[in-house]
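Numbering (my numbering), first residue to last: 1 to 127.
Glycine included, every Cβ here is placed at the ideal spot set by N, Cα and C.
Please read these numbers as outputs of a predicted model, since none were measured by experiment.
This is the structure:
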């Protein structure tokens, strides 16, 4: 059930999220390329239902940070996100993810303004 909900949300974001900077009111001014990157620190944690990792998302327009309060949607295939929808401040947005109690690997996907990036995470078995 969880994977099917994840898949449906992912597909809806891909299909419905493409945007353009052209509002139809004249020529579009050249701007720096929009970039989105996501990291998980640490990328591997224990599968104890308690351990947490920090999700770090950076979004830039050329060399400049995007406007504050730019919305970023996080999707995860394992673990529990603290927020799931986060907003930039100085081009950066943070969230945390709590581990499941089952070992395995999965993905965190960051999505905003038609851009996507992902990072693999892993929950390791208890000793």
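Checklist entry - Secondary structure at residue 112, three-state DSSP: helix, strand or coil? => result strand
Checklist entry - In its own chain, which residues sit with a C-beta less than 7 Å from the C-beta of residue 60, not counting the 5 before and 5 after it? => result 35, 66, 91
Item to check | Rounded separation between residue 98 and residue 107 - CA only | outcome: 13 Å
Checklist entry - So what does DSSP say about residue 94, is it helix, strand or coil? => result strand
Next on the checklist: Out of 45, 85, 78, which one is the CA nearest neighbour of residue 70?
Outcome noted: 85
Checklist entry - Going by Cα to Cα distance, which pick from 51, 32, 53, 40 is closest to residue 62? => result 32
Item to check | Between the CA atoms of residue 96 and residue 112 - distance to the nearest angstrom | outcome: 18 Å
Next on the checklist: Considering only the alpha carbon of each residue, which of 127, 101, 43, 57 lies closest to residue 110?
Outcome noted: 57
Checklist entry - Does the beta-carbon distance from residue 41 to residue 53 come in below 8 Å? => result yes
Checklist entry - Relative to the alpha-carbon of residue 104, which residue among 38, 79, 115 has its alpha-carbon at the smallest distance? => result 79
Item to check | Top-ranked residue by Cα proximity to residue 50, from 101, 72, 83, 89 | outcome: 101
Checklist entry - Does DSSP classify residue 104 as helix, strand or coil? => result strand
Checklist entry - Using CA coordinates, which residue listed in 83, 81, 72 is at the minimum distance from residue 89? => result 72
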